[in-house]
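Asks:
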Amino acid sequence: QKKQQSISNFFTPR
Amino acid sequence: MLEARLEQANLLKKVVDAIKDLVQDCNFDCNDSGIALQAMDNSHVALVSMMLKSESFSPFRCDRNIALGINLTSLTKVLRCAANEDILTLKAEDAPDVVNLVFESAESDRLSEYDIKLMDIDQEHLGIPETEYAATISMPSAEFQKICRDLMALSESVSIECTKEGVKFACSGDIGSGSVTLRSHTNVEKPQLNVEIDLSEPVALTFSLKYLVNFCKASGLSEQVRLCLSNEVPLLVEYALSNNSYLRFYLAPKIGD
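Heads up: the sequence lines are chains A and B, in that order. The numbering of the first sequence is this note's numbering, which starts it at 37 and goes up by one. The numbering of the second sequence is this note's numbering, which starts it at 161 and goes up by one.
(1) Across the segment 220–237 of chain B and the segment 279–287 of chain B, are there enough close Cβ pairs to call them in contact, namely three or more that are closer than 8 Å?
(2) From E253(B) to L207(B), what distance separates their C-alpha atoms?
(3) Hey, quick one: how far does the beta strand (DSSP E) through Y293(B) stretch, first residue to last?
(4) According to the Cβ coordinates, are A242(B) and K173(B) closer than 8 Å?
(5) Would D256(B) count as contacting chain A if we go by Cβ distances under 8 Å?
(6) To be precise: take each residue of the segment 387–415 of chain B, compare its Cβ to all Cβ atoms of chain A, and keep it if any distance is under 7 Å. Which residues remain?
(7) To the nearest whole angstrom, what separates the beta carbons of F46(A) and G287(B), a pair I think is in contact under 8 Å?
(8) Measuring straight from C-alpha to C-alpha, what distance separates Q40(A) and S379(B)?
(9) Can you name the residues of chain A whose CB is closer than 8 Å to the CB of T366(B)?
(10) Measuring alpha carbon to alpha carbon, tell me which residue in L166(B), L311(B), L369(B), S301(B) is nearest G194(B).
(11) By the DSSP assignment, the beta strand (DSSP E) with Q198(B) in it spans what residues?
(12) By how many angstroms is the C-alpha of V258(B) removed from the C-alpha of V348(B)?
(13) What are the complete alpha helix (DSSP H) segments, minimum 4 residues, inside the segment 217–247 of chain B?
(14) Please give me, in chain order, every unbroken run of the alpha helix (DSSP H) with length at least 4 that falls completely inside the segment 365–408 of chain B.
(15) Quick test of your reading: C222(B) and L162(B), contact by CB under 8 Å. State the CB separation rounded to the nearest angstrom.
(16) Note down the Cα distance separating R309(B) from D269(B), rounded to an integer number of angstroms.
(17) Tell me which residues share the same chain as L407(B) and place their Cβ nearer than 7 Å to its Cβ, disregarding the 5 neighbours each side in the sequence.
(18) Among S344(B), S317(B), I247(B), which one has its Cα closest to the Cα of G333(B)?
(19) Closer than 7 Å, Cβ to Cβ, to anything on chain A: give me those residues from the segment 283–313 of chain B, in chain order.
(20) So which residues on chain A does A206(B) lean against when the C-beta distance must stay under 9 Å?
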């Protein structure tokens, strides 16, 4: 089962 | 102060229309390079990044950085009052309570003026790393929209698989499965119909179709859309606008254990 990732796992706050 | 005049209200109408179902309240960050917007959707699965370069306006004046916190539902209400071909001017003071929108008809002497109350939006900016994508696909935006809508009838998710053979959009659901494969294609007479696949290594990723269908609301902004993929990173869906302006969507993938 594939799990939906969150954008914040890839892009971090500046 | 900000003063930015757009030749056609249509551009802003289409941009706001394309993102308003994804993000509700957002800051329009204005500085001397133009007007930018970055916002995640509520579920933090997608990110919208818009850049309207100062060259897309004439004239464009912005002396210092101003963040205009705007509710997109309110902005939509006001933009509906503008005709597509109206000249649109955005104005704001340096520490504004409102943004002022002026719509002028080029053909008559009508001049409409609206103010929208601004909001304080505490939005964190995400750093988007420079990525050398493994696969870049340029294709007609209408074609991409049709593929996403068609596959959504069968499934919640689509797998996008890019090899040197082409790009394959595939899904499977309760009623069955389906796929659409595109290969590179050059149409000399109608370059807007070209499909261009630039691949450095094969890619296979799975994405939620609900979001992709939502991004496709931007199809009216550009004849072509660009999809950029690398394994295990968010997909970039880009609609290029004139003067290097753009509307970009990032979508986090679905990844197996």
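The beta-carbon is built from N, C-alpha and C at its ideal position, and this holds for glycine as well. Treat the numbers as computed from the prediction; the structure is a model and nothing was measured.
Replies: Working from what's here:
(1) Output reads yes: the segment 279–287 of chain B touches the segment 220–237 of chain B.
(2) Distance between the alpha carbons of E253(B) and L207(B) is about 28 Å.
(3) Careful: Y293(B) lies outside any beta strand (DSSP E) and carries neither H nor E.
(4) Yes; because the gap between Cβ atoms is below 8 Å, this pair is in contact.
(5) Correcting the residue identity first, residue 256(B) is Pro in this sequence and not Asp. P256(B) does not count as touching chain A.
(6) Answer set for the segment 387–415 of chain B: V393, P394, Y410, A412, P413, K414, I415.
(7) Between G287(B) and F46(A) the Cβ distance is about 10 Å, and since that is not below 8 Å, they are no contact.
(8) One C-alpha to the other measures close to 25 Å.
(9) Under the 8 Å cutoff, chain A gives K38.
(10) Ranking L166(B), L311(B), L369(B), S301(B) by CA distance to the CA of G194(B) puts L166(B) first.
(11) Unbroken beta strand (DSSP E) run through Q198(B): 194–200.
(12) Pairing V348(B) with V258(B), the inter-Cα distance amounts to about 48 Å.
(13) For the segment 217–247 of chain B, whole alpha helix (DSSP H) runs of length 4 or above, ordered along the chain, are 232–239.
(14) Secondary structure in the segment 365–408 of chain B: the alpha helix (DSSP H) runs of 4 residues or longer, each lying completely within the stretch, are 369–375 in chain order.
(15) At roughly 5 Å, the Cβ-Cβ gap stays under 8 Å, so C222(B) and L162(B) are in contact.
(16) Rounded to whole angstroms, the gap between the alpha carbons of R309(B) and D269(B) is 42 Å.
(17) Cβ within range, chain order: V175, A178, M210, A378, L381, Y399, L401.
(18) Taking only the C-alpha atoms, the option nearest G333(B) is S317(B).
(19) Taking 7 Å as the Cβ-Cβ cut-off against chain A, the residues of the segment 283–313 of chain B that qualify are E284, H285, L286, G287, I288.
(20) What A206(B) touches in chain A: I43.
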